[in-house]
Amino acid sequence: MNEMLRFLIIFYTNFARISNFINAIPEEETLQLQFVQALWRHGDRAALFDLYPISEANWTFGGGGFGELTPNGMAQMHQLGGLFRKRYVTDNEFLRSRYSAKEASLHVLPTWCIIVFSSFCRFQ
Numbered sequence: 101m102n103e104m105l106r107f108l109i110i111f112y113t114n115f116a117r118i119s120n121f122i123n124a125i126p127e128e129e130t131l132q133l134q135f136v137q138a139l140w141r142h143g144d145r146a147a148l149f150d151l152y153p154i155s156e157a158n159w160t161f162g163g164g165g166f167g168e169l170t171p172n173g174m175a176q177m178h179q180l181g182g183l184f185r186k187r188y189v190t191d192n193e194f195l196r197s198r199y200s201a202k203e204a205s206l207h208v209l210p211t212w213c214i215i216v217f218s219s220f221c222r223f224q
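With this note's numbering applied, the sequence shown corresponds to residues 101 to 224, in that order.
Here is the structure:
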């Protein structure tokens, strides 16, 4: 009996806290997206240097050379861009359909940072 009473007291105390929290959440119509920060890694890339016996001269797939996006990587980035457009332009109208530097910016790490970070991750 004592344990049942303790359980009921704890249950109703926590239930009251949860219901107060839920009631404090504003209705969905009053919520407005104000800021988006996205972080992603590039798509598939070619090797950064010659990997004997495979050299750039005898690659069987397209690409722009060492360290550049492969056709698969280009397709991945195109698909990601489509997802961003759908979510933030079409569905939510957070951004206009034409690019504006006042609405969106892109920051890219220098190539040497990417190489160092990739090398670091390789040995973890």
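Even glycine gets a Cβ: it sits at the ideal position worked out from N, Cα and C.
Computed from a predicted structure; not experimentally measured.
- Query: Taking C-beta to C-beta, are GLY167 and LEU148 nearer than 8 Å?
  - Reply: Yes, the pair counts as a contact, with Cβ atoms nearer than the cut-off.
- Going by Cα to Cα distance, which pick from VAL136, PRO171, MET177, LEU131 is closest to LEU195? Per the Cα distances, VAL136.
- In chain order, what residues of the same chain lie with their CB nearer than 8 Å to the CB of ASN192, ignoring the 5 residues before and after it? Taken in chain order, the residues that qualify are LEU133.
- Looking at the unbroken alpha helix (DSSP H) that takes in PHE135, where does it start and where does it end? PHE135 -> no alpha helix (DSSP H), and no H or E assigned at all.
- Message: Between the alpha carbons of ARG187 and LEU139, how many angstroms are there, rounded?
- Response: Cα to Cα, the separation comes out at about 15 Å.
- Message: By the three-class DSSP mapping on this structure, what secondary structure does LEU151 have?
- Response: If DSSP states are grouped into helix, strand and coil, LEU151 belongs with the strands.
- When DSSP labels each residue in this structure, what does LEU180 get in the three-state scheme? Note: LEU180 maps to helix in three-state DSSP.
- Message: In this structure, how does DSSP classify ARG187 when only helix, strand and coil are distinguished?
- Response: Under the three-state reduction of DSSP output, ARG187 falls in the helix class.
- Find out if the Cβ-Cβ distance for the pair ARG145, LEU180 is shorter than 8 Å. Contact: no.
- Item | Inter-residue CB distance, GLY173 and HIS142 (contact presumed, cutoff 8 Å) | Contact holds; Cβ gap of about 7 Å.
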